[in-house]
Amino acid sequence: MDSCCNSAPTPAMPSPQALSDQARLFKVLTDASRLWLLHRLLEGEVCVCDLLSELPLSQATLSHHLRVLSEADLVSSRKSGRWNFYQATARGRALVGTVLSCCS
Numbered sequence: 002m003d004s005c006c007n008s009a010p011t012p013a014m015p016s017p018q019a020l021s022d023q024a025r026l027f028k029v030l031t032d033a034s035r036l037w038l039l040h041r042l043l044e045g046e047v048c049v050c051d052l053l054s055e056l057p058l059s060q061a062t063l064s065h066h067l068r069v070l071s072e073a074d075l076v077s078s079r080k081s082g083r084w085n086f087y088q089a090t091a092r093g094r095a096l097v098g099t100v101l102s103c104c105s
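Counting the sequence shown from 1 gives a position; our numbering is that position plus 1.
Below is the structure:
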């Protein structure tokens with residue numbers, strides 16, 4: 002039986018694991034503070050002390066958001082002295098460049 006439309010074939014359905022990974026990534030991005038952090042870190046490496054002064058968040062809350070972004074491989078960090086410096090990863094830059102830019 003022919004379909005009612007003569008459209009191009011649909012791509013193969015992603016695996017359950019791929020869908021689960023995508024759902025986790027979308028969950029990471031559902032928080033406005035995390036989206037702000039990701040956009041801010043596109044500008045380059047930023048000290049956590051500067052992020053604390055720019056956002057009305059406690060240190061514990063900021064650390065939580067940065068950890069979630071880091072676990073999703075959207076940001077990376079390096080330690081210098083007693084401070085941590087964060088920046089967007091290639092995956093984070095690509096995500097903002099492709100997915101989030103279509104929504105603005």
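Each residue gets a CB set at the ideal place from its N, CA and C atoms; glycine is no exception.
Remember, it's a predicted structure, so these values are computed and weren't measured experimentally.
Same chain only: Cβ atoms within 7 angstroms of residue i, ignoring 5 sequence neighbours per side
i   : result
E72 : none
L53 : Q60, L63
Where residue i falls: helix, strand or coil (DSSP)
i   : result
L30 : coil
V97 : helix
S16 : coil
Cβ-based neighbour list, residue i, same chain, cut-off 8 angstroms, excluding 5 preceding and 5 following
i   : result
L43 : A89, G93, R94, V97
L58 : S34, H66
Cβ neighbours of residue i in the same chain (closer than 6 angstroms, five flanking residues each side left out)
i   : result
S78 : N85, Y87
Three CB pairs or more closer than 8 angstroms across the stretch 81-94 and the stretch 40-53: yes
Within the stretch 37-94, ranges of the alpha helix (DSSP H) (whole runs, at least 4 residues): 49-55, 60-72
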